[in-house]
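Student: I'd like to ask you about the structure that follows.
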Amino acid sequence: MRYLPLTQSDREAMLGVIGAASIDDLFVDVPEAARLDGPIHDLPMHASEMAVERHMSALARKNLTAGEAPFFLGCGAYRHHVPASVDHLIQRGEFLTAYTPYQPEIAQGTLQMLFEFQTQVARLLGTDVANASMYDGSTACWEAIGMARRITKRGKAILSSGLHPHYVSVAKTMAKFTGDVLETATPSLSADTDLATLIAAIDKDTSCVVVQYPDILGRIADLTPLADACHANKALLIAVVTEPVALGAIKAPGEMDADIVVGEGQSLGVGLQFGGPYVGLFGCKEKYVRQMPGRLCGETLDADGRRGFVLTLSTREQHIRREKATSNICTNSGLCALAFSIHMTLLGEKGLRTLAEINHHGAVAAAARLSQVPGVELVTPTFFNEFTLKLPQEARPVVRSLAERGILAGVSLGRLYPGEASLANGLVVAVTETTSAEDVETLAAALEEILA
Amino acid sequence: MSINASGWRPEAPVAGGKASPTVTGNKGLMLEEALIFEIGDSETTGVDFASSPSPLRGAGRGEGPSGTSLGSLARTAPIGLPGLSEPETVRHYTRLSRQNYGIDLGFFPLGSCTMKHNPRLNEKMARLPGFADIHPLQPVDTVQGALGVINELAVWLTKLTGMYGVAMSPKAGAHGELCGILCIKAALEARGEGHRKVVLVPESAHGTNPATAAFAGFTVEDIPATAEGRVDTAALKARLGPDVAAVMITNPNTCGLFERDMKAISDAVHAVGAYVYCDGANFNAIVGRVRPGDLGIDAMHINLHKTFSTPHGGGGPGSGPVVLSEALAPFGPLPFTARYEDGHLALIEEETAGDEHPHTFGRMTAFHGQMGMFTRALTYILSHGADGLRQVSEDAVLNANYILRSLEKTLDAPFAGSGPCMHEALFSDNGLADGFSTIDVAKGLIDEGFHPMTMYFPLVVHGAMLIEPTETESKAALDQFIAALRSVAERAKAGDISLKSAPHFAPRSRLDETLAARKPVLVWKDPVLAQAAE
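Residue numbers (UniProt numbering), protein chains in the order written: chain D, 1 to 452; chain U, 1 to 534.
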């Protein structure tokens with residue numbers, strides 16, 4: 001077996017040192033009834049690298065790869081070009097095969113990277129501080145709701161109808177067990193966000209309002225009045241960003257006085273990967289830092305007075321606080337955070353702004369072209385790189401027929417909100433720098449045919 | 001022109017000269033690296049874009065179709081993100097990487113973390129475009145291969161554990177624990193026994209266990225350990241009653257021992273109507289030799305990043321599928337894959353859950369879990385096969401016992417008399433000189449070129465040193481580590497003061513964690529601007 005260095009004579013010599021007659025002697029504490037006498041039946045035996053590669057490649061070929069099709073899906077995961085150097089660097093063994101930096105003297109690479117990541121994320125989200133990452137956007141969103149409960153000591157969260165329905169589902173699942181009350185609503189297929197409704201709903205029991213920016217239909221709205229209304233009631237504003245590239249073109253939620261800003265960082269550096277692993281972004285105002293979940297990296301000095309970095313404020317965390325921890329989270333999403341940070345460093349301010357511009361212009365052009373398809377209507381006049389169309393019929397079967405033609409047309413709202421008749425004709429279309437004008441034309445032409 | 005032509009002649013090197021401090025702070029191959037904020041600027045970028053994407057530039061900056069616009073939301077203020085060119089970026093992160101210790105570099109015996117070799121075939125397979133470049137919301141007919149990976153891995157995990165079902169979506173071990181505990185809570189509520197509020201957790205448990213139980217609204221009570229390092233079965237049985245919801249046990253436990261009474265404990269727990277959660281962090285010790293399902297376990301998470309070799313990545317991403325008993329499987333989370341008789345794979349989400357999975361406790365994460373880790377873990381599992389995985393646990397246990405018996409005369413091994421250990425060997429700091437503790441031994445090991453063992457965990461042993469070699473270490477590597485640890489331990493017993501300031505040969509000497517926590521500096525601030533603001 002190519003991954004096991006011990007030879008049979010090593011094993012025998014080692015058993016001799018241990019004083020055991022056979023390997024079975026080392027498993028004596030396992031009750032006899034539970035001991036397996038050989039390899040588990042009806043499972044295959046070991047295989048060569050070539051054989052495994054053949055098997056996995058055959059499975060991979062059964063998927064319609066985004067890069068091989070005109071591709072327009074978004075709704076929480078976006079296809080962006082990732083520079084080649086990102087994947088090269090994250091595969092360096094010193095990053096790939098390191099553990100959590102519990103021995104900081106020999107983990108400064110990971111720690112400095114996390115410190116840089118935290119700073120990049122805080123600046124992007126417009127918050128004072130950010131942590132070293134969460135599992136993904138949806139879990140970060142729930143953790144933010146929990147954090148707002150701890151800060152305000154109130155148990156009612158108001159979730160915008162524009163929040164990703166899977167994020168709402170995650171929050172509902174968790175709230176069932178923690179006893180939080182969640183007010184939720186289904187979005188309407190219209191140009192307007194539900195900001196006014198949210199403002200009207202805030203009361204003295206509200207811990208927080210959770211709003212997505214841009215929202216699930218791609219709409220963007222000024223969060224400032226909502227932040228003011230929250231703060232007037234001593235509630236917190238939580239903003240959720242599922243497309244961080246947008247923040248190269250539009251104001252950051254922190255700039256509009258959001259208290260906690262969370263996000264899905266997958267767009268930068270990480271790739272689609274069928275939904276994971278991704279990287280949750282988590283930033284907040286400095287005054288709330290001790291209520292934050294997750295790992296934090298901080299600057300310090302070594303015994304010789306040189307700058308260095310360590311994990312810090314760990315008295316919030318489970319390995320110290322056990323049942324009193326701010327969260328049970330133990331890992332972060334280190335390698336994805338590294339990929340995010342490298343991609344962001346390559347882009348820099350200038351690159352991110354250019355990237356955002358290209359995305360926005362591409363989406364604007366695509367929206368213009370697609371809304372010329374007879375019967376198709378652009379629902380969302382204000383958007384970044386993702387917008388919602390209303391088709392003259394249910395969008396879900398249309399998406400399926402387009403997939404049969406090799407076009408991945410977008411996310412039908414019927415998939416996200418099954419059973420909601422008012423949304424069934426909605427199609428959310430994302431356009432990034434990877435989308436070509438030909439892709440848009442292909443989709444438009446196919447839509448014209450199908451809808452004719 | 002040759003160098004000899006300019007007058008230089010090879011000469012014998014001079015030994016023993018003293019180095020003077022360098023201008024750069026670098027020491028040969030040990031290179032200092034500034035922060036990106038100190039070396040980058042807002043005008044530099046390492047990414048080129050097509051200069052004129054004209055078909056997409058239908059409108060002016062910020063303007064949408066027919067008079068729409070980003071309007072007042074268009075960003076005006078600078079973000080403050082420094083950029084670097086590609087060569088500068090590659091050099092920055094390459095230099096940072098060299099300040100890290102990784103498994104690729106050497107022995108990494110971090111107990112309870114299973115730092116085994118990460119096969120590169122796993123990485124190659126995860127990067128196949130058919131897996132890496134597919135969207136989680138694509139129509140299911142276009143992702144049958146991806147669902148096939150999830151399904152095939154799920155079959156392996158259930159067969160290796162002898163369990164009924166598996167929830168694949170949890171993102172990491174602690175998330176898996178939460179999944180298991182939520183299944184238990186949902187099952188109790190379905191039985192009308194939501195009043196059961198107590199979860200029993202051994203003192204030696206990982207911190208995530210009590211944190212998870214508390215998060216789900218349970219009250220946590222400790223179970224003591226016996227002098228031989230196992231759960232005190234009598235005390236546990238005495239505490240069982242109608243208010244107990246579950247017991248969370250790590251097996252093999254964090255003292256490195258197999259819980260012999262596991263089946264009896266499970267039976268007793270079930271007899272009072274409670275459930276058994278097993279922390280599967282240490283599954284590497286028993287994979288292929290013991291199936292937790294045969295021990296009466298109801299739920300167990302599997303850290304794919306431990307037993308099944310997906311990379312730790314400097315602290316994640318992990319992946320924590322949870323195997324479930326027949327009693328708990330109906331309550332598992334959405335989404336999951338279902339395989340029909342014709343071979344077609346479906347994704348069961350909220351829409352179809354009513355028919356297919358009506359008792360689910362709901363969704364734990366936006367999408368389907370850590371697909372990138374599933375491809376890696378399945379690649380690893382197929383490489384080993386049923387026979388190779390059995391050899392994995394045998395070699396892991398053999399290596400740990402070899403370390404235990406080779407070092408028990410040097411270091412205090414509190415449970416050495418309790419029989420063979422499983423995949424990790426536990427020592428304490430008893431016997432070190434006054435004022436010396438586990439941390440000094442650990443930092444001494446850094447100077448010897450090793451990553452230290454887990455320190456001060458589990459809590460049941462004073463100054464715990466938990467050593468997990470894994471099966472991917474050669475005998476020569478173990479012998480070298482044993483020799484080094486013997487030497488460092490003898491120095492600590494003799495009170496060698498140089499250990500107190502170790503490490504001496506790392507990129508940094510001991511770091512001041514108290515300072516970091518007292519005045520947290522969590523983001524970089526421009527010192528010029530910061531000074532102006534004061």
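Where a beta carbon is used, it is the ideal one built from N, C-alpha and C, also for glycine.
(1) Bridge partners for R91 of chain U per DSSP, in chain order?
(2) Is the Cβ-Cβ distance between P139 of chain U and A430 of chain D less than 8 Å?
(3) Quick one: give me the first and last residue of the beta strand (DSSP E) that Q212 of chain D is part of.
(4) Determine the chain U residues that contact Q120 of chain D at a beta-carbon separation under 7 Å, and present them in chain order.
(5) Hey, quick one: how far does the beta strand (DSSP E) through L389 of chain D stretch, first residue to last?
(6) How long is the line joining the alpha carbons of H305 of chain U and N332 of chain D, rounded to whole angstroms?
(7) Taking S412 of chain D as the reference, which of D:T434, D:E433, D:G406 and D:L389 has the closest Cα?
(8) Can you tell me whether DSSP reads T310 of chain U as helix, strand or coil?
(9) Considering only residues of the same chain and omitting the five flanking positions on each side of T307 of chain U, which have a CB-CB separation below 7 Å?
(10) Would a C-beta distance cut-off of 8 Å place V181 of chain D and G146 of chain D closer than the cut-off?
(11) So, is V14 of chain U buried or exposed, given that buried needs 16 or more other C-beta atoms within 10 angstroms?
(12) For the alpha helix (DSSP H) that K156 of chain D lies in, which residues bound it at each end?
(13) Taking 8 Å as the limit between beta carbons, can you name the residues of its chain near R57 of chain U, skipping five residues before and five after?
(14) Going along chain D, which residues have a C-beta under 9 Å from E203 of chain U?
(15) Is there a C-beta anywhere in chain U that falls below 8 Å from the one on E377 of chain D?
(16) Let's test the definition: count the other Cβ atoms within 10 Å of the Cβ of G60 of chain U and tell me whether it reaches 16, buried, or not, exposed.
(17) Comparing alpha-carbon positions, which option in U:P317, U:L324 and U:A271 lies nearest D294 of chain U?
(18) Helix or strand or just coil, what does DSSP make of I446 of chain U?
(19) What is the DSSP secondary structure of C297 of chain D, counted as helix, strand or coil?
(20) Are the beta-carbon atoms of A201 of chain D and I158 of chain D separated by less than 8 Å?
(21) Against chain D, does P520 of chain U count as a neighbour if the rule is that its beta carbon must be under 8 Å from one of theirs?
(22) Considering Cα atoms alone, identify which of D:A437, D:T380, D:F384 and D:T434 is closest to L427 of chain D.
(23) Is there a C-beta anywhere in chain A that falls below 8 Å from the one on E350 of chain U?
(24) Which residue marks the beginning of the alpha helix (DSSP H) containing Y417 of chain D, and which one marks its end?
(25) Under a CB-based cut-off of 8 Å, is A530 of chain U close to chain D?
(26) According to DSSP, A299 of chain U sits in a beta bridge with which residue or residues?
(27) Near A167 of chain U, what residues of its chain come up, given a Cβ to Cβ distance below 6 Å and the 5 sequence neighbours on each side ignored?
(28) Whole angstroms are fine: how far does the CA of R127 of chain U sit from the CA of A445 of chain D?
(29) At a Cβ threshold of 8 Å, is E473 of chain U touching chain D?
(30) Please confirm if D355 of chain U has its CB atom under 8 Å from at least one CB of chain D.
(31) On the CB-based measure, 16 or more other CB atoms within 10 Å of its CB, does I265 of chain U come out buried or exposed?
(32) Nearest CA to the CA of H344 of chain U: which residue from U:I103, U:G148 and U:P136?
(33) If you scan the region 84–131 of chain U from start to end, which runs of the beta strand (DSSP E) of 3 or more residues do you find wholly inside it?
(34) Determine whether the Cβ of S498 of chain U lies closer than 8 Å to any Cβ atom of chain D.
(35) How many whole angstroms separate the CB atoms of H368 of chain U and F274 of chain D, which I take to be in contact at a CB cut-off of 8 Å?
(36) For N332 of chain D, would you say it is in contact with chain U, using Cβ-to-Cβ distances shorter than 8 Å as the test?
Tutor: Concretely, from the data shown:
(1) Bridge partners of R91 of chain U: none, in fact.
(2) The answer is no: Cβ separation not under 8 Å.
(3) Per DSSP, Q212 of chain D is one residue of the beta strand (DSSP E) stretching across T206 to Q212.
(4) The contacting residues are L81.
(5) Counting along the chain, L389 of chain D sits inside the beta strand (DSSP E) bounded by residues E386 to K390.
(6) The C-alpha of N332 of chain D is placed about 13 Å away from the C-alpha of H305 of chain U.
(7) When each option's Cα is compared against that of S412 of chain D, the closest is D:L389.
(8) Note: T310 of chain U maps to coil in three-state DSSP.
(9) Only residues of its own chain outside the window of five on either side were considered, and among them T114, F283, N284 and V287 have a CB closer than 7 Å to the CB of T307 of chain U, listed in chain order.
(10) The Cβ atoms of V181 of chain D and G146 of chain D do not sit closer than 8 Å to each other.
(11) Exposed is the call here.
(12) Where K156 of chain D is concerned, there is no enclosing alpha helix (DSSP H), although the beta strand (DSSP E) it sits in stretches over K156 to L159.
(13) No answer about R57 of chain U holds up, because its pLDDT of 36 lies below 50 and its placement is not dependable.
(14) Listed along chain D is no residue with a C-beta nearer than 9 Å to that of E203 of chain U; the closest approach is about 10 Å.
(15) No - not a single Cβ of chain U is within 8 Å of the one on E377 of chain D.
(16) Note that G60 of chain U scores 40 on pLDDT, short of 50, meaning its location in the model is unreliable; the coordinates nonetheless yield the value given after this. Label assigned to G60 of chain U: exposed.
(17) The shortest C-alpha separation from D294 of chain U is found at U:L324.
(18) The answer is helix: DSSP assigns I446 of chain U an H, G or I state.
(19) Under the three-state reduction of DSSP output, C297 of chain D falls in the strand class.
(20) Closer than 8 Å, so yes.
(21) With respect to chain D, the C-beta atom of P520 of chain U has a partner C-beta closer than 8 Å.
(22) Restricting attention to D:A437, D:T380, D:F384 and D:T434, the CA atom closest to the CA of L427 of chain D is found in D:T380.
(23) No chain A appears in the structure shown, which is made up of the protein chains D and U.
(24) From DSSP, Y417 of chain D is part of no alpha helix (DSSP H); its letter is neither H nor E.
(25) Closer than 8 Å to the CB of A530 of chain U there is not a single CB belonging to chain D.
(26) A299 of chain U is bridged to U:Y277 and U:L324.
(27) Sequence-distant partners of A167 of chain U (beyond 5 residues in either direction) whose C-beta falls short of 6 Å from its own C-beta, in its chain, are C179, V322, G332 and P333.
(28) Spanning the alpha carbons of A445 of chain D and R127 of chain U requires a straight line of approximately 32 Å.
(29) So yes, E473 of chain U belongs to the interface.
(30) For D355 of chain U, the answer is no, since every Cβ of chain D falls outside 8 Å of its Cβ.
(31) Here I265 of chain U is buried: its Cβ has 16 or more other Cβ atoms, across all protein chains shown, within 10 Å.
(32) Sorting U:I103, U:G148 and U:P136 by C-alpha distance to the C-alpha of H344 of chain U places U:G148 at the top.
(33) Here no run is fully enclosed.
(34) For S498 of chain U, no Cβ of chain D is located within less than 8 Å of the residue's own Cβ.
(35) With 8 Å as the limit, H368 of chain U and F274 of chain D qualify as a contact, their Cβ atoms being about 6 Å apart.
(36) Taking 8 Å as the CB threshold, N332 of chain D lines the interface with chain U.
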